[in-house]
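So the sequence shown is numbered by numbering that gives the first Met the number 0: it starts at 0 and just counts up by one.
Every residue, glycine too, gets a C-beta built ideally from N, C-alpha and C.
Single-structure report; data block below.
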Amino acid sequence: MDDLTILNEVHKGVTMGMASLELVAEKTQDKDLKDDLSFQYNEYQNTLNTVNHKFQEQGEIPDDTPVNTKIMGWTGIQLNTLNDTSNSKLSELLIQGYDMGIIKGVKLLNQNPEASGDVKNILNGFISMQENCIDRLKKFL
Numbered sequence: 000m001d002d003l004t005i006l007n008e009v010h011k012g013v014t015m016g017m018a019s020l021e022l023v024a025e026k027t028q029d030k031d032l033k034d035d036l037s038f039q040y041n042e043y044q045n046t047l048n049t050v051n052h053k054f055q056e057q058g059e060i061p062d063d064t065p066v067n068t069k070i071m072g073w074t075g076i077q078l079n080t081l082n083d084t085s086n087s088k089l090s091e092l093l094i095q096g097y098d099m100g101i102i103k104g105v106k107l108l109n110q111n112p113e114a115s116g117d118v119k120n121i122l123n124g125f126i127s128m129q130e131n132c133i134d135r136l137k138k139f140l
């Protein structure tokens, strides 16, 4: 796997995370949770800006996230919140998504020791950001 493949995976994770945060934010009226989700969204936006800048440096354009992946993410949140939109449930769903992102990120790091330092730093930052988001959401469980 090369740097562009890793950057595409991070880009996909970031855009899916941002979409999930938007969907979850629509499902709560709790100001504290909304504020936290807004903070997390901004963290994702910062990561997206970093990834997009790296693509520009390399004269590349990120791949689009497949439509079926977007639909599955939307459907999953909708189905899992049909009967429960409590802070605990919404936080649990986001934590599960962050866990999947962390696992994918660590696998990418382990499977690609030849990746450039810049790309490894971006990926490590993405993993750390998701770990921080989990810690922030624990108070809402």
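Taking C-alpha positions only, residue 86 is separated from residue 127 by approximately 23 Å.
Under the three-state reduction of DSSP, residue 25 is assigned to helix. Residues 135 of the same chain have their beta carbon placed closer than 6 Å to that of residue 35, with the five preceding and five following residues left out of the count.
Setting aside the 5 residues that flank it on each side, residue 60 is surrounded in the same chain by 54, each with a C-beta closer than 7 Å to its C-beta; the list follows chain order.
The C-alpha of residue 50 is placed about 10 Å away from the C-alpha of residue 56. When C-alpha distances from residue 9 are compared across 96, 125, 82, the shortest belongs to 125. Less than 8 Å divides the Cβ of residue 92 from the Cβ of residue 23. Here residue 1 has no same chain residue with a Cβ atom under 7 Å from its own Cβ, once five neighbours each way along the sequence are excluded. One Cα belongs to residue 90, the other to residue 80, and the distance between them is close to 11 Å. Residue 114 sits in coil when the DSSP states are folded into three classes, being neither helix nor strand. Taking the Cβ atoms as the reference, residue 96 lies roughly 17 Å from residue 37, outside the contact range of under 8 Å.
Note on residue 14: 16 or more other CB atoms within 10 angstroms of its CB, so buried under the neighbour-count rule.
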